[in-house]
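Reviewing the structure listed below.
Protein chains in written order, with our numbering: chain A, 798 to 951; chain B, 108 to 532.
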């Protein structure tokens, strides 16, 4: 068996994040907690978000799922924590665009950093949802947190 | 190989001859010969099925039950002959077989008909009545009953599972009781592979006056099933899991029950007299086949039944049992692999779910695909079963009449490859 044949999907960066996930474990303080599932495969993730002054102060998460969903969530936290919400949302859009590209897009490493390792996933439509699970949960939680803080301020 | 295996030398089974009828089995996937072990999900079609559908479409096709011209008559004859063939395949009468879209529609047909039944009808449900299922049901035999309970105020109950993947019948008499209107359960679990003791459940249900619906999606394709011998009241199966086309399924019901059951869908073909304000309905099976039915697919389904009959359901069952024993035996020898479901061939079919310690089932399936092995991963539309055994999902290998011992070995080698790639155990 050739161990290299999986390279297009299972990049070493993905395997690293899967085995040693960043920012994993639910933490306080947080504004909003959301729970997202992928109904087709049973993957699930709980994401907590803390926003302060238009900035993503912290994102923590817990979940279970395949290597793609877990690694992608780990990469997501690296990309959004400490960033202005608008900048972080732009990264989410860039990642979404990459995932919808069916392998036709050359990802921008300056924008997506380790996220470029998921370019190959876009060629596997059944796995795109796995890669987006954590990102979608984060976007949902962040949108709610922004609305929540706006409400409190008013 | 152990002595419990069927003696295939006594009844030679020509698996290579069977394989030649399925063109797709000779293709490659990712540079490897395709090893198709996703048969519990859907099966491939032999050229006899494709030829039958094509010949019908090229020579006889027209709408059915609607005309006097020659093609209309030939198409109607072909469609009704298909019904006869399918009926005899399960030991049933022609008029008691309703063509549906799939098992899901067949079960919904019964559930919605019951929901439409007026007070006083034996099909009527209300508050205080109970519907009983089991914890191992496919969503198609669970959600329709949840919806029926919500619509009628009836209570949904279920039989739990043992740690070994069997129905826990210790509370059977309490769960199936005088309030139970219908007991719906699967003949063979699509996730666990468990074959259920139909006789025990039918005896209890009928003792308390409950109807019995059997989900036979995973049994009719794999071993001889006779509706009279089973003693159930309704039975549902689908074409695409028994080397037939997609888009056609079957609901069989006892004639006297179908005759009393109100319609599920209204439309053309299911009527007798139509006035502006109301209508009367055709007798079964037409009453339950509103609209233009699945015509050429029914022809294909009949050809699939003929194909399986020619090969021999007994031989297919023995062949599968040998493959299942080989797989269970092989899995037992691999560290870090756990079978979810019965781990012997006793009262179990060929669907074998397993998990590999430290590797998510999605990654198992993807890595097996890289070496040409097709298995299903996920919750297999039976999420409560995964929850019961505390796994998020499983990988499932399911063999059929065209699989070979060397394909089982390819899967087992593939699992070793998965473990190496993921550094598990």
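Note that the Cβ used here is the ideal one computed from N, Cα and C, for glycine as well.
Strictly by DSSP, which residues pair up with residue 551 of chain B? The structure shown does not extend to residue 551 of chain B, since chain B is modelled only from 108 to 532, so the question has no answer here.
How do the stretch 480-489 of chain B and the stretch 506-524 of chain B stand: do at least 3 beta-carbon pairs fall below 8 Å, yes or no? yes
Since residue 360 of chain B and residue 345 of chain B are thought to touch, with beta carbons under 8 Å apart, how far apart are those beta carbons, to the nearest angstrom? Not really, about 16 Å apart at Cβ, beyond 8 Å.
Complete alpha helix (DSSP H) runs within the stretch 253-309 of chain B (minimum length 4 residues, chain order): 279-282
How long is the line joining the alpha carbons of residue 932 of chain A and residue 493 of chain B, rounded to whole angstroms? 25 Å
Closer than 9 Å, CB to CB, is residue 919 of chain A near chain B or not? no
Within 10 Å of its beta-carbon, does residue 907 of chain A have 16 or more other beta-carbons around it, so buried, or fewer, so exposed? exposed
Only counting the same chain, and skipping five residues up and downstream in sequence, which positions put a Cβ closer than 6 Å to that of residue 808 of chain A? 914
Would you mind sorting residue 453 of chain B into buried or exposed? The rule is 16 or more other CB atoms within 10 Å of its CB. exposed
Can you name the residues of chain B whose CB is closer than 9 Å to the CB of residue 837 of chain A? 485 and 486
If you pair each beta-carbon of the stretch 324-332 of chain B with each one of the stretch 267-281 of chain B, do three or more pairs fall below 8 Å? no
Measure the alpha-carbon distance for residue 498 of chain B versus residue 298 of chain B and round it to whole angstroms. 12 Å
Is residue 853 of chain A near residue 877 of chain A, with beta carbons less than 9 Å apart? yes
Can you tell which of B:427, B:474 and B:468 has its C-alpha closest to the C-alpha of residue 507 of chain B? B:427
Just to check my reading of the structure: residue 150 of chain B and residue 349 of chain B have Cβ atoms closer than 8 Å, yes? What is that Cβ distance to the nearest angstrom? 7 Å
Which full runs of the beta strand (DSSP E) of 3+ residues lie inside the stretch 314-348 of chain B, going along the chain? 318-322 and 341-345
Can you tell which of B:184, B:457 and B:368 has the C-alpha that lies nearest to the C-alpha of residue 326 of chain B? B:457
Leaving aside the five residues before and after residue 208 of chain B along the sequence, list all residues of the same chain whose C-beta is less than 8 Å from its C-beta, in chain order. 354, 355, 356 and 401
Please classify residue 823 of chain A as buried or exposed, where buried requires at least 16 other C-beta atoms within 10 Å of its C-beta. exposed
Would you please verify whether the beta carbon of residue 861 of chain A is less than 9 Å from any beta carbon of chain B? yes
Between residue 470 of chain B and chain A, is the shortest Cβ-Cβ distance under 9 Å, so that the two count as touching? yes
Contact under 9 Å by Cβ, residue 835 of chain A with residue 930 of chain A: yes
Specify the secondary structure class of residue 358 of chain B as computed by DSSP and reduced to three states. strand
Report the rounded CA-to-CA distance for residue 268 of chain B versus residue 949 of chain A, giving the unit in angstroms. 49 Å
Which residue wins for smallest C-alpha separation from residue 870 of chain A, given the options A:918, A:881 and A:912? A:912
Name the chain A residues that come within less than 7 Å of residue 500 of chain B, Cβ to Cβ? 838 and 839
Check the Cβ-Cβ distances between residue 858 of chain A and every residue of chain B, and say whether any is below 9 Å. no
Go ahead and pull the three-state DSSP assignment for residue 490 of chain B. helix
Once the 5 residues before and after residue 213 of chain B are set aside, which same chain residues still bring their CB inside 7 Å of it? 207, 343, 356, 357 and 358
Where do the ends of the beta strand (DSSP E) carrying residue 918 of chain A lie? Careful: residue 918 of chain A lies outside any beta strand (DSSP E) and carries neither H nor E.
Where does residue 815 of chain A sit, in a helix, a strand or coil, going by DSSP? helix
Roughly how many whole angstroms lie between the Cα atoms of residue 485 of chain B and residue 924 of chain A? 12 Å
Measuring only the C-alpha atoms, how far is residue 848 of chain A from residue 433 of chain B? 56 Å
Identify every residue that forms a DSSP beta bridge with residue 501 of chain B. B:485
In terms of residues, what are the limits of the beta strand (DSSP E) holding residue 146 of chain B? That residue, residue 146 of chain B, is in no beta strand (DSSP E); it is neither H nor E in DSSP.
Roughly how many whole angstroms lie between the Cα atoms of residue 803 of chain A and residue 471 of chain B? Reliability of the predicted coordinates at residue 803 of chain A is poor, the pLDDT of 42 falling under 50, and the value obtained from them is presented with this limitation in mind. Straight-line Cα distance between these residues: approximately 12 Å.
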